[in-house]
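Chains as they are written, first to last, in this note's numbering: chain A, 1 to 709; chain B, 710 to 1023; chain C, 1024 to 1248; chain D, 1249 to 1735.
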Amino acid sequence: MVLILAYAAVLLSLASGLSALMMHQRPALEALAQAYSRLFPEHRFFRRLSTHYLEQNRYPSTLRQGAFALLGMSGVLAISAGLAVMLTQQVLTDQIGLGLPWLPWHMRFDGLSGFFFLIIGIAVLTVSLYGPGYVEAFSEDKQPFAPLGLFTGLFVAGMLLVLLADDAFFFMIAWEAMSVASYFLVAFQHENPANRRAAFLYLLMAEVGALSIVLGFGVLASFADGFTFDALRQAHLSTSWASIAFALALLGFGMKAGIVPIHVWLPEAHPVAPSHISALMSGVMLKVAVYGLIRFCFDLLVEVHWQWGVVLLILGTLSALGGILYALMQSNLKRLLAYSSVENIGVIFLVLGLAMIFMANGYPQLAALGLLAALLHAFNHALFKNLLFLGAGVVQHQIHSLDIDDMGGLIKRMPKTSFLFLVGCMSISSLPLFNGFVSEWLAFQTALQVFVLDNGVLRSLIPVAAAALALTAALAAACFVKVYGLVFLGLPRSRNSEKAKEVEDKGMLLALEILAGLCFLFGIFPSLVIALLNPIARQLLGQALPNAEATSWLWLAPVTMDQASYAPILVLISVLMAAGIAFRYLRRNPETKTMRRTEAWDCGFGGLTPRMQYSSSAFTMPIRRIFAKVWLIDEQINKDMRGASELDVASIHYHLQIQDHCWPRLYQPIVHAINSLARQVGRIQTGNIRVYLGYSFVTLIVMLWVVSL
Amino acid sequence: MNWLIAVIQTMLFVALAPLLSAWLKWCKCLLQNRKAPSLLQPYRDLIKLIRKQPAVAEQASWIFTRSPYIIFSAMVLAASVVPLITVDLPTTASADVIVLVGFFAFARFFLALAGLDVGTAFGGMGSSREMTISSLAEPAMLMAVFTLTMTASTTNLALAMEHVLNEGMVLRPSFVFALFALILVAIAETGRIPVDNPATHLELTMIHEAMILEYSGRHLALIEWASQLKLMLYGVLIANIFLPWGIAQALGAKALVYGLLAIALKLAVLCALLAIAETLVAKMRLFRVQEYLSFAYLLGLLGMLSHIILEASR
Amino acid sequence: MNIEQQDFYTQAILSMAALVGLTSFLMLGQGRLLRLIFVFALQGLLLTLTTALAAYSTNNHHLYISAFLTLVLKVMFIPWMLRRQVLAMNMHRDVEALKNNTALMLTGASLMVFSYYVLHPIVLTSSAIMLNALAVSLSVVLLGMLLMISHRQAVAHVVGFMSIENGLFFAAIVATKGMPMVVELGVAFDVLVAAVLFGIFFFHIRASIDSLDVDRMNRLHEVDQ
Amino acid sequence: MIAAYLVLLIPAIGIVFFALNGHTQNCGRLNTRFNALTLAATVWLALNVLNNGTLLSAGKALIVDSFNVYLIVLTAFIGLTTAIFSGPYMEHEKQRGKLTEKRLKVYYSMYQGFMLAMYLVLVTNNMGVMWVAMEGATLATVLLVSLYRTPEAIEAAWKYFILCGVGIAQALFGTILLYYAAVQIGDADYALSWSVLLDNAGKLNPEILKIAFVFMLIGYGTKIGLVPLHNWLPDAHSEGPTPMSAVLSGLLLNDALYAVVRSKMLVDGATQSNIAGLLMMVFGMLSFLVAALFLHRQKDIKRLFSYSSIEHMGVMTFAFGIGGPLATFAALLHMTAHSLTKSAIFVTVGHAAQLAGTQSMEHIRGLIKTQPKIGWGLLLGTVAIAGFPPFGVFTSEFLVLVATMHSYPWLAPLLLLGIGIAFAGLFRHIQPIVYGEQPEGQLPIEVNLWPVMIHLALVLWLGLAIPDFLANWFSKATLLISGSMPL
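If you want it as structure tokens, here you go:
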């Protein structure tokens, strides 16, 4: 029954994709409807269909809404399937007679899959609410709906199938379907060469990652008989082979998840897709990669080694710090959000690394704590990153730009959006009362359990990682202060943002509202999710959280009440009380209750202009100075001099370009190597037939010599 | 009963915060051969500000006008979870030390937003600098605090203090490091010399003042009060974590009075020391602050490492 | 087994093998096209004789047909056609300057030795004559390739190509007393068509590059300029 | 067995018919009909084989077993779909003045000639006849390659002719050696009959067979396009008319590989070792890697895909070389998937080149905007050929990889590296072609893309699920070639 729900979710998303293909079939549909209305004149439905829904002008939007409605239903089903399987704590398996003759597609639906189903479901549901309003602005000429809808459906179906897959072959099919479909979505607005480049980079890295995953499975499979995950679980690997498999899986899944230094596709690809797709990619697809890694490491590889945990820990720390530092420097809103995804994935990896270390050292309970923190953060990140991407989409929709330096003052013009976006910013900055804080708090709690370990390396490494995590959180707050402050506060920096209006489409706002509401809800009642997660930890690690109170509605106390506790609801009540008292008390005098509106202080020069405000690069300048080594900074200030002795400055041009270190260090050498290798190889084909004959001749001689040995 | 004490203690915190900053100013004046204002001057200032009608810039949005309340209540909340005169504090369970840092972050987030809201250059400058400095200070603070929490194997502040108390007089190298780290962070976070100068309004050097330049009336009062609270919070943290002696462990009237006296004494001495330091040291350039804070961070890390490597009993 | 102990047929075959090998060498060192074609015709003639000899000694009648086909195709038709082309294109006075003629000859000789070396396992199952015959035909094949590699004229390439066919044919006749008839006919047909096609191509090549120098046909390549 | 004769007879009639009438208006359609007829005959043949097992004609001249029967059907199928495409295509070429009526005659006649040669290669039981037919295929196509009579086309055809001629001559030497070994042990009449040879393979002299195999591998390998013998292939593919490129890539290469595999089976039987397989693996891997690198340097769109063909033939040769049941199954599947995909790609490429008026990739731009069907067809085809699931090429490559992991794990990274490089090479060229703005002056043309859709749908089907009858077929062929069933 639950499995049927899951299948139905997949099928509906496929159906949504296919229905998008009907965009150009209106005449055929109309003819069909007319034929039916002639056949069944008593049924009003068909006539109404042809006169109303299939009418020339209305058809496109009807179809769009239909496609998104199907997608939304798929989301709802995914949520219910996920919840059902987690609540009933079942493990469902099934086989579908597709695939290879001796290897049908194996399906398995357990708590872990269910949890990620839930994540995807929520995201898909909100996206489908948001979508119709968002794509309304796309002209059918330039940005046809058919491929967009088709690949969105395929993309969602691919992600869901990855979660269901229970054999390596099917897993790869679903995985690649997800990658390819999202590639087409990234390339959707392909008029811009930069977008094409991003799409190519994305597909290339997805392919490399997929190959690495295949190889990882291959290593496992060569010690097992068969490709089903059941068979792979039985594989007995030596430590070194297991480590190779782990490394391959890490490379593959890490590439998709976007950990530093294999993250470069992410900030390129995510921003260029339409916003609701970026939301799905950043909010959900990365989580599927996390799922893959968890499945591979904690489920398929029987034994984990602490060295792997250290690798994850280091990579996670690097990604978290690198991601947020790069994010800070961006002035493209979606690019910034994409980098911030790198950061959050880093946090997840870091905590997973902790879980692995505890697991390998024989503390499954603490490992469960880590795993839980990681999963919770994945969940939370999906919520707030979706919210932020969709919010960015709204802003883009209204002011037709993504450059932060074109924005400003939107809080007055778009009050609802700005409020919801603020919730997202607070969540992602992990401020108390919001969901981001809970997972971060759990991450710290996990790290603080380091004293149980014996190994000196670990004992000193983990605190450093925790410190880096703290730095990351603080920088994230700085980053999102910048985002919110520059986008919504202050004065408008361009005519477009001056003229901006609140978005009218209810669906778009509703999507944001749902996500913001969930961010807040799970910030106050984190136990709702944690209670769902506990059985997963038990399933994977054989242990759940030690403390029964961990899941009580009021307190969050993962280890023991003595060690740490957090009661967000009490905090909320106290805040409301304190603020309320202050508010009432201070405004009791009716004379001073109203505020006097005046001009802002302008140092007496007169006339504040928006150009006097801090810009994105100005805001981050101190950080840029402090962490200068992290980026490749190209900063130029050109002054146009004027006057007799050229001492007056007529105008100043400031140019700033910030680049990833990874490009020149890692990627360009590879590109260069392949190109020069190709050039070398090209030299064998000279165009002269006598040389070619010579090749045949020499080959023949050599081969004859070889076999006569 | 416990909860009542907790509420009273919080109110005490809020009430005494201006006094502490007045004491600090007093000490400083004394050291600098100036005539000190009355110890009650901050209260008078607050009352006067509250009575005034606030003037708000035209561009300001609700963020600007609501932020003072949010900041103030975040600080009040922080005050409610830091043991002042007794460790028997039920509120500490609802928010541990990490959440405490979270409260600070919360307040800072809105303060920085408020700075950006009006759209003047000063606000942006202040916010930018504040976020930079705090993003360096926050990890240093967490490091220092983690040293304590790992020693006590709890992040609950009251329990941690109790642990230190019960352990008796133990000389821990890690605590020395952590203490210095925390002091450095506290100076940075509360905007004291050498990181920031609370008395300056020179545009190019100010940080905290730049953000609140546009505030007036009750808004300004709340923000000033909140920053006084913050100063006191840091003071109490330092005093009670590293020198918890004197704090009440049970709820007797006598113990509570002793606790109050003890903390008053500790804070008085601490602030006097701060005043001396502020008198002796000059303000740093902005881009020296990173060195200062990374030193604090290093100290915190060293404290943590020395705890884990030297002291942990395994 | 020494040669004096063999019967006359074998002795004759071996002599033919030697002569065929010799013609291959002659072709390899030949820079003049008309002489090249002449030596090629000579090789064809030797092949015809060998085939006839084999047909006579084994009393295998279909080999006579093969002999006849060889005579017509390789002694008459192809040389005639090539000669006509050379004369028509006025190339009969050109002498192709072969670089390193000595090295070429030495390579040819070592190829012969190599052929013996490679085919040596055959001795295990059969006589030394077979080895001789097969080794000579292999070296004719290899020398044909070497001819193509060393000569630049398309005509020489055709001659080389056909001489490779000769080598194969020789092997088929000597070692196996001829292939099955259907194969023989098929091969002959292929050779015929190939010859015709070569004729067509000469025409086209000349039309396109105004010469028959294959080195000038190098538009399609993968090398950076 | 009548079906088998029919399969040969119909194209034979076709040659003569088109030689006489090849210039008429509806020749394209007639060509399609001829191929459709042949396809019907092959399906009949296939049904026979499915029901009765291996068929051997009187005199053991023809053999149809589970290995070749599916190749026969595939050949007929691709022959048909390419013929469907080629009608309007050639008409368009004629209208643009690139071809005269006389050449159309040659084209249609040789199309049938080529098909005949292909069928003959497949059905004959005689290794000698196989050789003759293979040479015949060269001769039939060489005039097609030079059909446009441009200097490049002439050059390409000449190289094709000479290199394949010399190469195939070596295969004949190998055949002669095989014959020589066979007459030593038995009846000269059937000494080249593959089925007889296979039965007696154990008695054949292994040393001679090894040498014979070298010759055959190099000979037929030239036609497969194994590096370093491949040099003719990109030239011939790029300069000939596109339908020719489609059948060359889709059929000729397969058939040459088929010949090598048949030889390998004999050699394996005689030597009882995997020496033949090792040689094939070396060549396969080399071709695969080198062709993958070549992909990066291409400027001509058809040349690009011909290198991709080399790459895939390398994979198949490699897989057959590994030799286990899994690898063999994978290779058979790959043959099918690659043929279908590649011919579909060439169809779209042909249209794209006609649309842009050039084969130079720099000038083909914005296909999706200009003519979405061609653009998407090309893009999806490229996705399929690059080995992305759920297309069939992925399935087979996955299985090859698995087999490699089992037998030669250290080669697996190399294989994946090659796949990655090849993928990058393909996409860096195809992306700018399909995406972007419509270039000025390029207008949509009339196209028939049913072949593409059908092919891609079939490949998709192969990737999602291998139908039972096909799986049976592959399994039987695998049993025949490798001696055991896959899993």
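Glycine included, C-beta positions come from ideal geometry on N, C-alpha and C.
Note to self: Quick check on the DSSP output: the alpha helix (DSSP H) that includes residue 295(A) runs from which residue to which?
What the structure shows: That residue, residue 295(A), is in no alpha helix (DSSP H); it is neither H nor E in DSSP.
Margin query: For the structure I just gave you, are there three or more beta carbon pairs, one from the region 885-902 of chain B and one from the region 942-949 of chain B, closer than 8 Å?
Written below: yes
Note to self: So residue 1545(D) contacts chain A; which residues on that side make the cut at Cβ distance below 9 Å?
What the structure shows: 675, 678, 679, 681 and 682
Item checked: Segments of 4+ residues assigned as alpha helix (DSSP H) that fall wholly inside the region 200-255 of chain A -> 229-234
Notebook entry, point to check: Can you tell me where the beta strand (DSSP E) with residue 658(A) in it begins and where it stops?
Noted result: 648-659
Checklist line | Chain-ordered neighbours of residue 106(A) on chain D, where CB pairs are closer than 8 Å | finding: Neighbours of residue 106(A) on chain D: none; closest Cβ ~14 Å, over 8 Å.
Next item on the list: With a cut-off of 8 Å on the beta carbons, I'd call residue 925(B) and residue 744(B) a contact; round off their distance for me.
Entry: 27 Å between Cβ atoms; not a contact.
Check: Going straight from the alpha carbon of residue 1353(D) to that of residue 1276(D), what length do you get?
Finding: 11 Å
Next item on the list: Leaving aside the five residues before and after residue 1573(D) along the sequence, list all residues of the same chain whose C-beta is less than 7 Å from its C-beta, in chain order.
Entry: 1726, 1730, 1732, 1733 and 1734
Margin query: Any beta carbon from chain C within less than 9 Å of residue 1359(D)'s own beta carbon?
Written below: no
Next item on the list: Kindly indicate which three-state DSSP category residue 68(A) falls into: helix, strand or coil?
Entry: helix
Margin query: Does chain C have any CB closer than 9 Å to the CB of residue 1553(D)?
Written below: no
Item checked: Range of the contiguous beta strand (DSSP E) that encloses residue 910(B) -> Run containing residue 910(B): none; DSSP gives neither H nor E here.
Margin query: For a cutoff of 9 Å on Cβ pairs, would you count residue 1738(D) as touching chain C?
Written below: Lying outside 1249 to 1735, the shown extent of chain D, residue 1738(D) is not represented and no answer is given.
Check: Out of curiosity, what's the CA-to-CA distance linking residue 1594(D) and residue 101(A)?
Finding: 30 Å
Margin query: At a CB distance below 9 Å, what residues from the region 1672-1700 of chain D approach chain A? Give them in sequence order.
Written below: 1672, 1673, 1675, 1676, 1679, 1680, 1682, 1683, 1684 and 1685
Margin query: Cutting at 6 Å between CB atoms, please list the residues of its own chain near residue 146(A), excluding the five before and the five after it.
Written below: 20, 21 and 23
Item checked: Contact set between residue 761(B) and chain A, taken where Cβ atoms lie within less than 9 Å -> 592
Notebook entry, point to check: So what does residue 712(A) bridge to, in DSSP terms?
Noted result: No answer is possible for residue 712(A): the residues shown for chain A start at 1 and end at 709.
Check: Using DSSP with H/G/I as helix, E/B as strand and the rest coil, what is residue 95(A)?
Finding: strand
Notebook entry, point to check: Any chance the CB of residue 93(A) is under 8 Å from a heavy atom of the ligand ADP?
Noted result: By its list of ligands, the structure shown contains no ligand whatsoever, and the ligand ADP lies outside what it can speak to.
Next item on the list: Measure the C-alpha to C-alpha separation of residue 114(A) and residue 597(A) and round it to an integer number of angstroms.
Entry: 54 Å
Next item on the list: Along the alpha helix (DSSP H) that carries residue 735(B), what are the first and last residues, could you check?
Entry: 711-740
Item checked: Option in 384(A), 487(A) and 457(A) with minimal Cα separation from residue 314(A) -> 457(A)
Check: Thinking C-beta only, is residue 806(B) closer than 9 Å to residue 866(B)?
Finding: yes
Next item on the list: Quick one: residues in its chain with C-beta nearer than 6 Å to the C-beta of residue 1008(B), no 5 flanking neighbours on either side, listed in chain order?
Entry: 886, 889 and 890
Checklist line | Alpha-carbon spacing of residue 1214(C) relative to residue 1090(C), whole angstroms | finding: 14 Å
Check: residue 1019(C) versus chain A: which residues are under 9 Å apart at the beta carbon?
Finding: Because residue 1019(C) is not part of the residues shown, which for chain C are 1024 to 1248, the question remains open.
Next item on the list: Pick out the complete alpha helix (DSSP H) segments inside the region 742-823 of chain B, 4 residues or longer, and give them in chain order.
Entry: 750-760, 771-789 and 800-803
Item checked: Inter-residue spacing [alpha-carbon to alpha-carbon] between residue 688(A) and residue 1541(D) -> 20 Å
Margin query: Measuring alpha carbon to alpha carbon, tell me which residue in 1480(D), 1341(D) and 1702(D) is nearest residue 1325(D).
Written below: 1702(D)
Next item on the list: Could you check the C-alpha separation between residue 1080(C) and residue 1032(C) for me, to the nearest Å?
Entry: 7 Å
Next item on the list: Label residue 1023(B) either buried or exposed according to how many other C-beta atoms from any shown protein chain fall within 10 Å of its C-beta, with 16 as the threshold for buried.
Entry: Because the pLDDT of residue 1023(B) is 48, which lies under 50, any placement of that residue in the model is unreliable, and the number read from its coordinates should be weighed accordingly. Classification of residue 1023(B): exposed, given that the 10 Å Cβ count is below 16.
Check: For residue 1716(D), does the count of other Cβ atoms within 10 angstroms reach 16, so buried, or fall short, so exposed?
Finding: exposed
Check: To the nearest angstrom, how far is it from the Cα of residue 1348(D) to the Cα of residue 1395(D)?
Finding: 10 Å
Next item on the list: Select from the region 1456-1481 of chain D all residues with a C-beta closer than 7 Å to any C-beta belonging to chain C, and list them in chain order.
Entry: 1456 and 1459
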